[in-house]
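Numbering (our numbering), first residue to last: 33 to 292. Even for Gly, the Cβ is constructed at its ideal location relative to N, Cα and C. Working notes, beginning with the structure itself.
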């Protein structure tokens, strides 16, 4: 179905628990609107905690070729000829690992770097091939901590050293201080507006704590119901909350906006 009223939309979407089913990682329940978006040439921009290598594989599966944002806003990748232009928004992976190594024993942290592919697979539900891709990181590091009660103390230490900690769907993530999905979304929106010399209206969809800033800065914000039937504690004016969970909710919300 073609849009009857043409709007210049940019759609920014989280993956796990949003476009991807939390348990199966399937997009099947979002198939209807994925096809609609593709037919109408609406840019679908992935904004995720996942790595570049994971997104390259997913882009092939979804047959999309738009820019994407990885590792919680740490890097933007713009398609350019047969490769990508990379825009760094955060510290390098080696700098991130230095911090992890410094405080690993003090806080009993176990990060992806310490885990083999089988352990990552068991914790995430990813198959071994995708677990390998999840380990190929450029900026940030997912980790688990033995005592949840120590996470705020670790966060305060991280802030003093130019880092921060955000909570994703399954892990904590060590990121660069002041790095988030919002900064990357706004940067990419500006790139689009300069390139095409027109204004775009942004739609953002997410379900997790690390999606809040992205929802904050978007024109239309969609909070996806989590797999347990709840929502994160978040609100803003005109926030849309889905009736369905995950990709079903994703499909429902976009249909309500784009197919009026």
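What residue ranges within the segment 252-276 form continuous beta strand (DSSP E) runs of no fewer than 3 residues, ordered along the chain?
-> You should have 252-257.
Can you tell me which of 102, 197 and 45 puts its alpha carbon nearest to the alpha carbon of residue 165?
-> Position 133 of the chain shown, counting from 1, holds the residue named residue 165. Considering only alpha carbons, the answer is 102.
If you check the beta carbons only, do residue 245 and residue 214 fall under 7 Å apart?
-> As a position in the chain shown, residue 245 is number 213, starting the count at 1. As a position in the chain shown, residue 214 is number 182, starting the count at 1. It is a contact, given that the beta carbons lie within the stated cut-off.
Answer with buried or exposed for residue 58, where buried requires no fewer than 16 other C-beta atoms within 10 angstroms of its C-beta.
-> Taking the first residue of the chain shown as 1, we reach residue 58 at position 26. Of the other Cβ atoms in all chains shown, fewer than 16 fall within 10 Å of the Cβ of residue 58; this residue is therefore exposed.
Count the other CB atoms, across all protein chains shown, that sit within 10 Å of the CB of residue 111; report buried if there are 16 or more and exposed otherwise.
-> Here residue 111 corresponds to residue number 79 of the chain shown, with the count starting at 1. Under this definition residue 111 is an exposed residue.
State yes or no: is the C-beta of residue 279 within less than 7 Å of the C-beta of residue 95?
-> Here the question's residue 279 lines up with position 247 in the chain shown. Here the question's residue 95 lines up with position 63 in the chain shown. Note that the C-beta distance between residue 279 and residue 95 is not below 7 Å.
Who does residue 120 pair with in a DSSP beta bridge?
-> Position 88 of the chain shown, counted from the first residue, corresponds to residue 120. Bridge partners of residue 120: 107.
Take the Cβ of residue 42 as the centre, count every other Cβ of all protein chains shown within 10 Å, and call the residue buried at 16 or more, exposed below.
-> Counted from its first residue, the chain shown places residue 42 at position 10. Classification for residue 42: buried.
For residue 151, does the count of other Cβ atoms within 10 angstroms reach 16, so buried, or fall short, so exposed?
-> Translated into the one-based positions of the chain shown, residue 151 becomes position 119. Classification of residue 151: exposed, given that the 10 Å Cβ count is below 16.
Determine the direct distance from the alpha carbon of residue 290 to that of residue 36, and round the result to whole angstroms.
-> Here residue 36 refers to the residue found at position 4 of the chain shown. Here residue 290 refers to the residue found at position 258 of the chain shown. With a pLDDT of only 48 at residue 36, under the threshold of 50, the placement of this residue in the model should not be trusted; the figure read from the coordinates follows. The straight-line gap from Cα to Cα measures roughly 9 Å.
Helix, strand or coil at residue 95 [DSSP, three-state] = Sequence index remark: in the chain shown, residue 95 carries index 63 (1-based). In the structure shown, residue 95 sits in coil (DSSP, three-state: anything other than H, G, I, E or B).
So residue 46 and residue 237 are in contact, right, with Cβ under 8 Å, and what is the actual spacing, rounded?
-> Working through the chain shown from its first residue, we reach residue 46 at position 14. Working through the chain shown from its first residue, we reach residue 237 at position 205. Between residue 237 and residue 46 the Cβ distance is about 6 Å, and since that is below 8 Å, they are a contact.
Pull up the distance between the alpha-carbon of residue 227 and that of residue 108, whole angstroms please.
-> Within the chain shown, residue 227 is the residue found at index 195, counting from 1. Within the chain shown, residue 108 is the residue found at index 76, counting from 1. Straight-line measurement puts the Cα of residue 108 at about 16 Å from the Cα of residue 227.
So who's on the other strand from residue 212, going by DSSP bridges?
-> In the chain shown, the residue the question calls residue 212 occupies position 180. Under DSSP, residue 212 shares a beta bridge with no residue.
Residue 162 and residue 198 look like a contact to me (Cβ under 8 Å); what is the Cβ gap, rounded to whole Å?
-> Translated into positions along the chain shown, residue 162 becomes position 130. Translated into positions along the chain shown, residue 198 becomes position 166. At roughly 22 Å, the Cβ-Cβ gap does not stay under 8 Å, so residue 162 and residue 198 are not in contact.
Coarse secondary structure for residue 233, derived from DSSP in three states = Position 201 of the chain shown, counted from the first residue, corresponds to residue 233. Strand.
Which residues share a DSSP beta bridge with residue 204?
-> For this step, residue 204 is matched to residue 172 along the chain shown. Looking at the DSSP assignment, residue 204 forms a beta bridge with 175 and 199.
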